[in-house]
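Our numbering puts the first residue of the sequence shown at 170, with every later residue one more than the last. We treat Cβ as the ideally placed atom computed from N, Cα and C, and that holds for glycine. The structure appears below as structure tokens.
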Amino acid sequence: MENNWTKFWREKNEFDTSMDVNFNYFISRFTRYIKPTKESVILDIGSGPGHLEDAYFDKVKEIHGVDISERYNAAAREKHKDHPNVFFHDLSATDYLNFSMLDGKKFDIIIVMSVLQYYKNKEEVVQLLQKMCSLTRPGSKVLLCDLIVQQSKFNEIIEILLEYLKAGKILVALSLFFRLRFSRYYDVKKNNGFLILTEQDWKHMLAQLNLKGTFIKEKLTLHKRRKNILITID
Ligand SMILES: C[S@@+](CC[C@H](N)C(=O)[O-])C[C@H]1O[C@@H](n2cnc3c(N)ncnc32)[C@H](O)[C@@H]1O
Numbered sequence: 170m171e172n173n174w175t176k177f178w179r180e181k182n183e184f185d186t187s188m189d190v191n192f193n194y195f196i197s198r199f200t201r202y203i204k205p206t207k208e209s210v211i212l213d214i215g216s217g218p219g220h221l222e223d224a225y226f227d228k229v230k231e232i233h234g235v236d237i238s239e240r241y242n243a244a245a246r247e248k249h250k251d252h253p254n255v256f257f258h259d260l261s262a263t264d265y266l267n268f269s270m271l272d273g274k275k276f277d278i279i280i281v282m283s284v285l286q287y288y289k290n291k292e293e294v295v296q297l298l299q300k301m302c303s304l305t306r307p308g309s310k311v312l313l314c315d316l317i318v319q320q321s322k323f324n325e326i327i328e329i330l331l332e333y334l335k336a337g338k339i340l341v342a343l344s345l346f347f348r349l350r351f352s353r354y355y356d357v358k359k360n361n362g363f364l365i366l367t368e369q370d371w372k373h374m375l376a377q378l379n380l381k382g383t384f385i386k387e388k389l390t391l392h393k394r395r396k397n398i399l400i401t402i403d
């Protein structure tokens, strides 16, 4: 059965017009750790409206987005309809660990930005990591971004508001604040929460899968308590 978060993302939602603020913060920082080149084949898991594709379609060999939201994929495909090196694949909302459409492909870079908090449990994340490994080659890099590793002490909505304010996005922040507080997001978050995996959980999972991953010290997204992990494949 479909879970509430996948349902949330597949329908029109409050982040449609504000998600780019967090992404723009990330895009200007992540190249300190991963440098896409004209030879790079990139996989973007949970690609949403296609922000990474918008920024990189003309700088890399191929870029593939996968998402459970047909709505985001349709909009992203439309934007990139004239770019033959950009692909968007629909993941099933009930079987989202099924990446069979990518069987046989190898990626130099995999980015998972602000997605894993919507998974059901740690076991699913381990399965995703295994899938990702099968889609890489030695030297490939995997960047797991915006990971929630601790329960927020404050109301998450207030935190988002403050961070958008700091980024100078006052109007976006205020409008998002009111929309979120009285939104489906508020209810879904209240009833389902986010998947929180602590730094210790991540260390165990990486060790279990024999993966070399390090926490990046610098903040890569607007959420200062969230973490980012860079994995280099042997
Ligand atoms: C916060 S948005 C981030 C989008 C994009 N990565 C960005 O940073 O602009 C979360 C995205 O994850 C997608 N998503 C949620 N659950 C997912 C799942 N289980 N598998 C793949 N994508 C998922 C949503 O549809 C949405 O596009």
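Distance from the CA of His249 to the CA of Lys291, rounded to the nearest whole angstrom, comes to 34 Å. Contact check for Ile280 against Leu312 passes: the beta carbons are separated by less than 7 Å. When Cβ pairs closer than 8 Å are counted between the two stretches, the stretch 174-184 is seen not to touch the stretch 369-379, the count staying below three.
Leu343 counts as exposed, since fewer than 16 other C-beta atoms from the protein chains shown sit within 10 angstroms of its C-beta. Approximately 14 Å separates the beta-carbon atoms of Val318 and Lys386; this is outside 8 Å, ruling out the contact. Beta-bridge partners of Met282 (DSSP): Cys314. In terms of Cβ geometry, Pro218 and Ala245 form a close pair [threshold 7 Å]. Distance from the Cα of Asn379 is smallest, within the candidate group Gln299, Glu222 and Asn361, for Gln299.
Taking all protein chains in view, the Cβ of Gly234 is crowded by 16 or more other Cβ atoms within 10 Å, so the residue is classified as buried. For ligand 1, a non-hydrogen atom lies closer than 6 Å to the CB of Met282. When secondary structure is reduced to three states using DSSP, Phe192 falls in the helix class. Distances from the CB of Asp236 to the heavy atoms of ligand 1 include at least one below 6 Å.
Short note on Leu304: C-beta not closer than 6 Å to any heavy atom of ligand 1.
Of the heavy atoms belonging to ligand 1, at least one sits nearer than 6 Å to the Cβ of Gly215. The three-state secondary structure of Arg350, taken from DSSP, is helix. In terms of side-chain proximity, the C-beta atom of Leu260 is found nearer than 6 Å to a non-hydrogen atom of ligand 1. Taking non-hydrogen atoms of ligand 1 into account, the C-beta of Trp178 is found less than 6 Å away from one of them. In the three-state DSSP reduction, Lys181 falls in the coil class, being neither helix nor strand.
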